[in-house]
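Engineer: Reminder that position 28 of the sequence shown reads as 28 in the UniProt record's numbering, one-by-one numbering, no gaps. This is the structure, below, for whatever I ask next.
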Amino acid sequence: MSDVRPAYTRDTAMVRLGAVEPLEGITRQWAWGGATGAGVRVAIVDSGIEADHPMLDGCVEVDDGVCVEMGPDGQPEILPGPHDDVFGHGTACAGIVHSLAPDARITSVRVLGPRLTGKGEVFMRGLQWAVEQGFHVVNLSLGSTRREVALAFHELCDEAYFRGTMLVTAANNVQRPSFPSLYASVASVACNTSKDPFRFHWNPEPPTEFLAPGIDVVTAWKGGGTATSTGNSYAAPHLTGIIALIRSKHPELRPFQVKTVLWACAANVVEAPVRAGRLGTSVMRRSALLRAVQGTDH
């Protein structure tokens, strides 16, 4: 295992829970059992995607992708159409999502350059485009540390939330604030140390909300090959893939309901002892919340 761990990485022992009151009926089988991601549209906002990479099996909507670049007037502009991955990072993220949700359709939104750098305004315009297009899930394995764009990102993430688009963001690899990973309207992700792609944790100590595999992950990479990669960037698409499965099986769920399902199915929640309490009150409360998550509470 890599000796270098990204910021906010936590071992299983560090996120064990004393006791929880589980949501009866919300299991992994209920949440995504039998799902393949069919019917779900995922946007990867990144460095582009090598669409013909053999590990992607033709899952990329090549003609629907866009590049976002600074125009001659100093404003970001949308350039629609096929494009390549200028670094490899976006292809890696797409490969992880595809490995978990093979029937989800993936679209590239390229906002990063050859050195994996870019401008906050370009990133924001790409995210805005993805939200406007109504993608079910958007993977953001990037962020901005510029506080002057924090409010604009906050408003855009709220817009996505209310439109029903689930944003999944990677925490910064160094321990410093980055946007939009700090917002409650997104699912923010850092690394755990698991090798099981479906083993994710709820993080009881934010700012990151969830933890997923992101250390020494074998990923697709530019040029048709693979790379062994470490970073919160690779934890986020693991959660994106799982969310694609959930939304494939339960397309009616809103982002807050998807987060509740993720909490209920997180490894440390599933493995925690059940909290003792007054049976009648506990059952009534769990039943009401379960109906709300499943969209049957009237």
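Quick reminder that beta carbons are idealized off the backbone N, C-alpha and C, glycines included. On a predicted model such as this, the values are computed, not experimentally measured, just so you know.
(1) How big is the Cα-Cα spacing for Val42 and Ala92?
(2) First and last residue of the beta strand (DSSP E) that includes Pro80?
(3) For the candidate residues Asn173, Gly224, Lys249 and Ala104, whose alpha-carbon lies nearest to that of Thr208?
(4) Flag this pair as yes or no: are the beta carbons of His201 and Ala267 separated by less than 7 Å?
(5) Should Thr226 and Asp216 be called a contact, given that it needs their Cβ atoms to be closer than 7 Å?
(6) Can you tell which of Ala51, Phe123, Leu211 and Gly118 has its C-alpha closest to the C-alpha of Thr107?
(7) Below 8 Å on the Cβ atoms is my guess for Asn203 versus Arg10; work out the distance and round it to an integer in Å.
(8) Mind checking whether His250 and Pro213 have CB atoms under 7 Å apart?
(9) Excluding the five sequence neighbours on either side, which residues of its own chain have a C-beta within less than 7 Å of the C-beta of Arg278, listed in chain order?
(10) What first and last residue would you give for the alpha helix (DSSP H) that runs through Cys191?
(11) Considering just the uninterrupted stretch of the beta strand (DSSP E) at Gly34, what are its terminal residues?
(12) Short check: CB of Leu167 to CB of Val189, under 7 Å?
(13) If you draw a straight line from the C-alpha of Gly18 to the C-alpha of Pro273, how long is it?
(14) Can you grab the Cα-Cα spacing for the pair Gly90 / Gly224, in whole Å?
(15) Decide if Val45 is buried, meaning its Cβ has at least 16 other Cβ atoms within 10 Å, or exposed.
(16) Is the CB-CB distance between Arg110 and Cys67 below 7 Å?
(17) Among the candidates Pro76, Ser181 and Gln257, whose CA atom is the shortest distance from the CA of Phe162?
(18) Under DSSP, the alpha helix (DSSP H) around Glu121 begins and ends at which residues?
(19) Which first and last residues belong to the beta strand (DSSP E) in which Thr9 is found?
(20) What did DSSP end up calling Thr240 once you bin it into helix, strand or coil?
(21) Kindly indicate which three-state DSSP category Gly231 falls into: helix, strand or coil?
Structural biologist: On the basis of the supplied data:
(1) 14 Å
(2) Pro76 to Pro80
(3) Asn173
(4) yes
(5) no
(6) Ala51
(7) 7 Å
(8) no
(9) With a pLDDT of only 41 at Arg278, under 50, the local geometry of the prediction cannot be trusted, and no value is derived from it.
(10) It is not in any alpha helix (DSSP H) - Cys191 instead sits in the beta strand (DSSP E) that spans Ala187 to Asn192.
(11) Looking at the DSSP string, Gly34 is not in any beta strand (DSSP E), and its letter there is neither H nor E.
(12) no
(13) 7 Å
(14) 13 Å
(15) buried
(16) yes
(17) Gln257
(18) Gly120 to Glu132
(19) First-last for Thr9: undefined, no H or E at that position.
(20) helix
(21) coil
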